[in-house]
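Asker:
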Amino acid sequence: MKNSTLSVEDLKVQFSRRREVARAVDGVNLDIAAGEVVALVGESGCGKTTLARTMMGLEMPKSGEVRFNGSPLGRRAMREYRRKVQMVFQDPSGALNPRDTIYEAVAEGLRVHKVAGDEVAQVAAALSKCGLRPPERFFNRYPHEVSGGQRQRVVIAAAMVLEPQMLIADEPVASLDASVRGEILKLLRDLVDQHGLGMLVITHDLGLAWNIADRIAVMYLGRIVEIGSCEEILEHPKHPYTQALLSVVPESKRMEQQILTGETPDPLHIPKGCRFHPRCPLMQNGEADRLGIADRCRGADIGLRDVGQGTRVACHAI
Amino acid sequence: MLLSVRDLTVTYVTQASAVPAVRGVSFDLESGASLGIAGESGCGKSTMGAAMLRLLPSSAHVSGEVILNREDVYAMPFSRLRAVRWAGISIVMQGALHSLNPVRTIGWQIAEAIELHNHDLRDHAVRSRVGELLEMVSLPAKCAKDFPHQLSGGQRQRVLIAMALACNPQLLIADEPTTALDVMVQAQIIELLQDLRSRLNLAMIFITHDLSLLSTVCDRIAIMYAGRIVEEGPSGSLLSGPAHPYAAALAAAFPTIGDHSSRMTPSGLGGDPPDPTDLGNGCPFAPRCPRVEELCLGYDVPLIDIGDQRKAACIHVEPSRVAL
Numbered sequence: 226m227k228n229s230t231l232s233v234e235d236l237k238v239q240f241s242r243r244r245e246v247a248r249a250v251d252g253v254n255l256d257i258a259a260g261e262v263v264a265l266v267g268e269s270g271c272g273k274t275t276l277a278r279t280m281m282g283l284e285m286p287k288s289g290e291v292r293f294n295g296s297p298l299g300r301r302a303m304r305e306y307r308r309k310v311q312m313v314f315q316d317p318s319g320a321l322n323p324r325d326t327i328y329e330a331v332a333e334g335l336r337v338h339k340v341a342g343d344e345v346a347q348v349a350a351a352l353s354k355c356g357l358r359p360p361e362r363f364f365n366r367y368p369h370e371v372s373g374g375q376r377q378r379v380v381i382a383a384a385m386v387l388e389p390q391m392l393i394a395d396e397p398v399a400s401l402d403a404s405v406r407g408e409i410l411k412l413l414r415d416l417v418d419q420h421g422l423g424m425l426v427i428t429h430d431l432g433l434a435w436n437i438a439d440r441i442a443v444m445y446l447g448r449i450v451e452i453g454s455c456e457e458i459l460e461h462p463k464h465p466y467t468q469a470l471l472s473v474v475p476e477s478k479r480m481e482q483q484i485l486t487g488e489t490p491d492p493l494h495i496p497k498g499c500r501f502h503p504r505c506p507l508m509q510n511g512e513a514d515r516l517g518i519a520d521r522c523r524g525a526d527i528g529l530r531d532v533g534q535g536t537r538v539a540c541h542a543i
Numbered sequence: 002m003l004l005s006v007r008d009l010t011v012t013y014v015t016q017a018s019a020v021p022a023v024r025g026v027s028f029d030l031e032s033g034a035s036l037g038i039a040g041e042s043g044c045g046k047s048t049m050g051a052a053m054l055r056l057l058p059s060s061a062h063v064s065g066e067v068i069l070n071r072e073d074v075y076a077m078p079f080s081r082l083r084a085v086r087w088a089g090i091s092i093v094m095q096g097a098l099h100s101l102n103p104v105r106t107i108g109w110q111i112a113e114a115i116e117l118h119n120h121d122l123r124d125h126a127v128r129s130r131v132g133e134l135l136e137m138v139s140l141p142a143k144c145a146k147d148f149p150h151q152l153s154g155g156q157r158q159r160v161l162i163a164m165a166l167a168c169n170p171q172l173l174i175a176d177e178p179t180t181a182l183d184v185m186v187q188a189q190i191i192e193l194l195q196d197l198r199s200r201l202n203l204a205m206i207f208i209t210h211d212l213s214l215l216s217t218v219c220d221r222i223a224i225m226y227a228g229r230i231v232e233e234g235p236s237g238s239l240l241s242g243p244a245h246p247y248a249a250a251l252a253a254a255f256p257t258i259g260d261h262s263s264r265m266t267p268s269g270l271g272g273d274p275p276d277p278t279d280l281g282n283g284c285p286f287a288p289r290c291p292r293v294e295e296l297c298l299g300y301d302v303p304l305i306d307i308g309d310q311r312k313a314a315c316i317h318v319e320p321s322r323v324a325l
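Order-wise, the sequence lines are chains A and B. Per the working numbering, the very first residue in the first sequence carries number 226; after that it's consecutive. Per the working numbering, the very first residue in the second sequence carries number 2; after that it's consecutive.
(1) Is there a Cβ of chain A sitting closer than 8 Å to that of Leu3 (chain B), yes or no?
(2) Return the first residue and the last residue of the alpha helix (DSSP H) that Asn436 (chain A) is part of.
(3) Taking Val253 (chain A) and Leu276 (chain A) to be in contact with their CB atoms under 8 Å, please state how far apart those CB atoms are, rounded to whole angstroms.
(4) Under 8 Å, do Val250 (chain A) and Gly272 (chain A) count as touching if we go by C-beta distance?
(5) Can you list, in chain order, the residues of its chain with a C-beta nearer than 7 Å to that of Leu392 (chain A)? Leave out the 5 residues immediately preceding and following it.
(6) Measure the CB-CB distance between Thr217 (chain B) and Pro475 (chain A) and report whether it falls below 8 Å.
(7) Starting from Val379 (chain A), trace the beta strand (DSSP E) both ways and give me its first and last residue.
(8) May I have the straight-line CA-CA distance separating Asp514 (chain A) from Cys540 (chain A), to the nearest angstrom?
(9) Of the residues A:Glu460, A:Asn365, A:Glu261, which one's Cα is nearest the Cα of Asp415 (chain A)?
(10) Drop a sphere of 10 angstroms on the beta-carbon of Val14 (chain B), count the other beta-carbons inside from all chains shown, and report buried for 16 or more, exposed for fewer.
(11) Specify the secondary structure class of Val302 (chain B) as computed by DSSP and reduced to three states.
(12) Exposed or buried, what is Gln171 (chain B) when buried is set at 16 or more other beta-carbons lying within 10 Å of its beta-carbon?
(13) Report the option in B:Ser60, B:Ala250, B:Leu117, B:Val127 whose CA atom is closest to the CA atom of Ser80 (chain B).
(14) Which residues in the same chain as Tyr466 (chain A) place their Cβ atom closer than 6 Å to its Cβ, once the five residues preceding and following it in sequence are excluded?
(15) For Gln311 (chain A), name the three-state secondary structure that DSSP assigns.
(16) Residues of chain A with a CB under 9 Å from the CB of Ile258 (chain B): which are they?
(17) For Val104 (chain B), count neighbouring Cβ atoms within 10 angstroms of its own Cβ and tell me buried if that reaches 16, exposed if not.
(18) Can the beta-carbon of Met185 (chain B) be found closer than 8 Å to that of Ile441 (chain A)?
(19) Closest to Val532 (chain A) by C-alpha separation, out of A:Gly498, A:Arg300, A:Ile458, would be which residue?
(20) From Asn169 (chain B) to Ser32 (chain B), what does the alpha carbon distance come to, in whole angstroms?
(21) I need the DSSP call for Met94 (chain B), collapsed to helix, strand or coil.
(22) For a cutoff of 8 Å on Cβ pairs, would you count Lys273 (chain A) as touching chain B?
(23) CA-CA distance, Ala324 (chain B) and Lys46 (chain B)?
(24) So, does the CB of Ser269 (chain A) fall closer than 8 Å to a CB anywhere in chain B?
(25) With three or more C-beta pairs closer than 8 Å as the rule, is the region 234 to 250 of chain B touching the region 284 to 301 of chain B?
(26) With a cut-off of 8 Å on the beta carbons, I'd call Gly234 (chain B) and Asp309 (chain B) a contact; round off their distance for me.
(27) Between B:Ile107, B:Ile206, B:Leu9, which has its C-alpha nearest His62 (chain B)'s C-alpha?
(28) Just to confirm the assignment, what range does the alpha helix (DSSP H) spanning Met2 (chain B) have?
(29) Given that Lys411 (chain A) touches chain B, what residues does it touch there, using C-beta distances under 7 Å?
(30) So, do the region 295 to 302 of chain A and the region 327 to 341 of chain A have three or more beta carbon pairs nearer to each other than 8 Å?
(31) Going by DSSP in three states, Lys227 (chain A) sits in which element: helix, strand or coil?
(32) So the beta strand (DSSP E) Ile222 (chain B) belongs to, where does it begin and stop?
(33) Along the alpha helix (DSSP H) that carries His420 (chain A), what are the first and last residues, could you check?
(34) Could you give the distance in angstroms between the alpha-carbon of Leu134 (chain B) and the alpha-carbon of Glu333 (chain A)?
(35) Looking at the unbroken beta strand (DSSP E) that takes in Met480 (chain A), where does it start and where does it end?
(36) So for Gln158 (chain B), helix, strand or coil by DSSP?
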């Protein structure tokens, strides 16, 4: 691993309810280096938000670990970690206290972490870094007094004021209007490029990934099923799930739509064998039988395998 | 012509202020055709959808005409309007996942719409119609016995579509029908709507903020900004060569995967959405427009015919330049 800053190793997170166990994250390996944007994509219920919450130390893993700059995440390192790894939430209206001014919202992190130095100067620097200029004009305004795009900038400024090394952004633009989205994405990409941050973007939007991500990890039912460079994955997807996902996105170049039947899969009942096989187009069109892999698809679990070009895929057909 | 909307204007009046939501919208829709309406939140697209059926609250002051089959919806007595709702035009509302009654079965709720319009239909006829409608949206007929919470989001959306089709409408208005759904489920619903449209010769108005979705669904697209249509035309040519700078910015916000010019260059529009209470005299888009000129600040351009069945409201549009 080149000096990766944030990594997870064989991470498993489970939730139990009565006698049932939901395997929300079921063995994930992922690392995010400084200066790169990794997009984690998948349908809702695939475990992407649970993975992010665990990386923030908000959920305890069943097994496996989260490592930051090489050292595992534990209770003692948590305070330092929570300063270095910041989260950007989906809905800026929900993430900001409506009764706090923008200054208070951004300064709160500094106070929680008892950061020394001139508070006003630090808040002003964070706001202008995030495109809210001149910052003094925003100090005494309340969240409802600014537009949705500006609110999201405030949320990002509140994360940036602590000078983090890593940002985890959960659907950072999903609640914003189309015309504003690009500006926020541009800001996030610039922060990564100018300050050498690493960033994990959780999204269901493949067009967004194409816009800002260096690498993409496609998640299905608690596992990463395909990971590699953004170009490679979006232009030459290998895993049947990635192919299907890409074919239904209106932003993708016209290819034949493969609409998967059935609903989003259920982490309470993960199928045996390849977890995608009940919905897999290769199983349904007989291609798996022709390749002689159908039995393995039904019976043998499969992990990620290197397929060249830096791409790793979990599929028996490859 | 199935539907003609003429100079539709909606203003929300409160004690303190009057907020214009729709400012003089006109368009036509032929039977079986589909029109997509796109724009950002607050542009008036949902208000316009609800205005077609006189569904707005009394604080909304409406003027203009909505003519369905040569009959003005706003001149009808209430009894006639009731017949037009569901049977002439039906609407699938935004936030549809919450618009089912949680304590009634799916079958009961669909039957309610049918019985309202066919008082003398017998119980078993209503039941078989409910089953037929559920099958039409690819749900098993036995779903009629289920309560909404027993269904997934995609299935509930199908139920709402079935309900909207209960009285064989000629026009279906779908307001953000897939917004809360996952990409794969969204594709399933879009496929269903396409299929129903061609099978039932249904006209459709599709309201969404997701411009990329409209290209697959609609024959024509209208882009709204600040309560007005700023560009209208066939979906293919509008999306590949938008004439109005706002339409261009909106189209660029949805990158084409595989197109390397959009790689790593997210495209957005600076500035804030317009404040409807303070629009001024000029083009409402002028404060954010990359091509703004002095003339734009004082002159609000109407929709100009630019050939190829296209119209745009911008001073930079000349028929010769767009006729490529």
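Cβ coordinates follow ideal geometry from the N, Cα and C atoms, glycine included.
Answerer: According to the structure shown:
(1) Stepping through the second sequence from its first residue, residue 3 (chain B) is reached at position 2. Chain A contact via Cβ: absent.
(2) The sequence position of residue 436 (chain A) within the first sequence is 211, counting from 1. Looking at the DSSP string, the run of the alpha helix (DSSP H) that includes Asn436 (chain A) is 431 to 437.
(3) As a first step, residue 253 (chain A) must be located in the first sequence, where it is residue number 28. As a first step, residue 276 (chain A) must be located in the first sequence, where it is residue number 51. With 8 Å as the limit, Val253 (chain A) and Leu276 (chain A) qualify as a contact, their Cβ atoms being about 6 Å apart.
(4) The residue labelled residue 250 (chain A) in the question sits at position 25 within the first sequence. The residue labelled residue 272 (chain A) in the question sits at position 47 within the first sequence. For Val250 (chain A) and Gly272 (chain A), yes; Cβs fall inside 8 Å.
(5) Here residue 392 (chain A) is taken as the residue at index 167 of the first sequence, counted from 1. Only Gln311, Val313, Ala384, Leu422, Met424 meet the Cβ criterion.
(6) To locate residue 217 (chain B), count along the second sequence from 1; it is residue 216. To locate residue 475 (chain A), count along the first sequence from 1; it is residue 250. Closer than 8 Å, so yes.
(7) Within the first sequence, the letter at position 154 stands for residue 379 (chain A). From DSSP, Val379 (chain A) is part of no beta strand (DSSP E) but of the alpha helix (DSSP H) over 373 to 385.
(8) Numbered from its first residue, the first sequence carries residue 514 (chain A) at position 289. Numbered from its first residue, the first sequence carries residue 540 (chain A) at position 315. Each residue's CA atom was taken as its position, placing Asp514 (chain A) and Cys540 (chain A) some 14 Å apart.
(9) Indexing the first sequence from 1 puts residue 415 (chain A) at position 190. The shortest Cα separation from Asp415 (chain A) among A:Glu460, A:Asn365, A:Glu261 belongs to A:Glu261.
(10) Here residue 14 (chain B) refers to the residue found at position 13 when the second sequence is read from its first residue. Its Cβ having fewer than 16 others within 10 Å, Val14 (chain B) is exposed.
(11) Taking the first residue of the second sequence as 1, we reach residue 302 (chain B) at position 301. Note: Val302 (chain B) maps to coil in three-state DSSP.
(12) Taking the first residue of the second sequence as position 1, residue 171 (chain B) is located at position 170. Result: buried.
(13) Position 79 of the second sequence, counting from 1, holds the residue named residue 80 (chain B). Nearest option by C-alpha distance: B:Leu117.
(14) Residue numbering aside, residue 466 (chain A) sits at position 241 when the first sequence is read from its first letter. Excluding residues within five positions, the ones whose Cβ falls inside 6 Å are Tyr445, Val450, Phe501.
(15) Working through the first sequence from its first residue, we reach residue 311 (chain A) at position 86. DSSP places Gln311 (chain A) in strand when its eight states are reduced to three.
(16) Residue 258 (chain B) sits at position 257 when you count from the first residue of the second sequence. The answer, in chain order, is Leu431, Gly432, Ala434, Trp435, Leu459, Glu460, Leu471, Val474, Glu476, Ser477, Lys478.
(17) Counted from its first residue, the second sequence places residue 104 (chain B) at position 103. Of the residues assessed, Val104 (chain B) falls on the exposed side of the cut-off, its CB having fewer than 16 other CB atoms within 10 angstroms.
(18) As a position in the second sequence, residue 185 (chain B) is number 184, starting the count at 1. As a position in the first sequence, residue 441 (chain A) is number 216, starting the count at 1. Between Met185 (chain B) and Ile441 (chain A), the CB-CB gap reaches or exceeds 8 Å.
(19) Taking the first sequence and counting its residues from 1, the one referred to as residue 532 (chain A) is at position 307. Taking only the C-alpha atoms, the option nearest Val532 (chain A) is A:Ile458.
(20) Here the question's residue 169 (chain B) lines up with position 168 in the second sequence. Here the question's residue 32 (chain B) lines up with position 31 in the second sequence. Rounded to the nearest angstrom, the two C-alpha atoms are 13 Å apart.
(21) Along the second sequence, one-based indexing puts residue 94 (chain B) at 93. Looking at Met94 (chain B) - three-state DSSP - the assignment turns out to be coil, as it is neither helix nor strand.
(22) Working through the first sequence from its first residue, we reach residue 273 (chain A) at position 48. At a cut-off of 8 Å between beta-carbon atoms, Lys273 (chain A) makes no contact with chain B.
(23) On the second sequence, residue 324 (chain B) is found 323 positions in, with the first residue counted as 1. On the second sequence, residue 46 (chain B) is found 45 positions in, with the first residue counted as 1. In this prediction, Ala324 (chain B) scores a pLDDT of 41, lower than 50, which makes its location untrustworthy; the coordinate-derived value is nonetheless stated afterwards. For Ala324 (chain B) and Lys46 (chain B), the distance between alpha carbons rounds to 28 Å.
(24) Numbered from its first residue, the first sequence carries residue 269 (chain A) at position 44. It does; some Cβ of chain B falls within 8 Å.
(25) yes
(26) As a first step, residue 234 (chain B) is located in the second sequence; it is residue number 233 there, counting from the start. As a first step, residue 309 (chain B) is located in the second sequence; it is residue number 308 there, counting from the start. Confirmed, about 7 Å.
(27) To locate residue 62 (chain B), count along the second sequence from 1; it is residue 61. For His62 (chain B), the nearest C-alpha among the options comes from B:Leu9.
(28) The sequence position of residue 2 (chain B) within the second sequence is 1, counting from 1. Per DSSP, Met2 (chain B) lies in no alpha helix (DSSP H) segment and is marked neither H nor E.
(29) The count along the first sequence starts at 1 and reaches residue 411 (chain A) at position 186. Result: Pro267, Gly269.
(30) no
(31) As a first step, residue 227 (chain A) is located in the first sequence; it is residue number 2 there, counting from the start. Since pLDDT at Lys227 (chain A) reaches only 48, below the 50 mark, its modelled position is unreliable, and the value read off the structure follows with that caveat. If DSSP states are grouped into helix, strand and coil, Lys227 (chain A) belongs with coil.
(32) Position 221 of the second sequence holds residue 222 (chain B). Its beta strand (DSSP E) spans residues 221 to 226.
(33) Here residue 420 (chain A) refers to the residue found at position 195 when the first sequence is read from its first residue. Start and end: 403 to 420.
(34) Taking the second sequence and counting its residues from 1, one reaches residue 134 (chain B) at position 133. Taking the first sequence and counting its residues from 1, one reaches residue 333 (chain A) at position 108. Cα to Cα, the separation comes out at about 55 Å.
(35) Counted from its first residue, the first sequence places residue 480 (chain A) at position 255. No beta strand (DSSP E) holds Met480 (chain A); DSSP gives it neither H nor E.
(36) Your numbering for residue 158 (chain B) matches position 157 in the second sequence. In this structure, Gln158 (chain B) counts as helix in the three-state DSSP scheme.
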